[in-house]
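Enquirer: Going by this note's numbering, the final residue of the sequence shown carries number 63, and the count climbs one at a time with no gaps.
A virtual CB, placed ideally from N, CA and C, is assigned to each residue, including glycine.
Bear in mind the structure is a predicted one, so any value in this text is a computation, not a measurement.
Mind having a look at this structure? Questions to follow.
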Amino acid sequence: MSAFTLRLHHTSGIDPTVEPLDATDEAEARELAQVRLLLTRDYSRVELHRAGEPLDVFAREV
2 MSAFTLRLHH TSGIDPTVEP LDATDEAEAR ELAQVRLLLT RDYSRVELHR AGEPLDVFAR
62 EV
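Here you go:
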């Protein structure tokens, strides 16, 4: 099981999607979370969690 997870908040307002994230450390996890947000316009923000605890939130600029 991955230590990191992403909670992807949809722009349509449906319930967030939770995805595991494989990263070697917090810096890589933050970078991958930002990239995940940029890959699609479907998400308004991404929450990064480690072992269930929130680490960071990245939001799409309007």
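Identify, in the order they occur along the chain, each residue of the same chain with its Cβ nearer than 8 Å to the Cβ of V58, setting aside the five sequence neighbours on each side.
Expert: Taking the sequence shown and counting its residues from 1, the one referred to as residue 58 is at position 57. Cβ neighbours of V58 beyond the five flanking positions: R46, V47, E48, L49.
Enquirer: I need the boundaries of the alpha helix (DSSP H) containing A52, first residue and last residue.
Expert: For the purposes of this step, residue 52 is taken as residue 51 along the sequence shown, with counting starting at 1. Careful: A52 lies outside any alpha helix (DSSP H) and carries neither H nor E.
Enquirer: Nearest-angstrom Cα distance between F5 and S13?
Expert: For the purposes of this step, residue 5 is taken as residue 4 along the sequence shown, with counting starting at 1. For the purposes of this step, residue 13 is taken as residue 12 along the sequence shown, with counting starting at 1. Going from the Cα of F5 to the Cα of S13 covers about 25 Å.
Enquirer: Where does R31 fall in DSSP's three states?
Expert: By one-based count along the sequence shown, residue 31 stands at place 30. Note: R31 maps to helix in three-state DSSP.
Enquirer: How many angstroms separate the CA atom of I15 from the CA atom of R8?
Expert: Taking the first residue of the sequence shown as 1, we reach residue 15 at position 14. Taking the first residue of the sequence shown as 1, we reach residue 8 at position 7. When rounded, the distance between both Cα atoms is 12 Å.
Enquirer: Looking only at its chain, what residues have a beta carbon closer than 6 Å to the beta carbon of T18, apart from the 5 residues adjacent to it on each side?
Expert: What you label residue 18 is simply residue 17 of the sequence shown in a count that begins at 1. Correct list, in chain order: L9.
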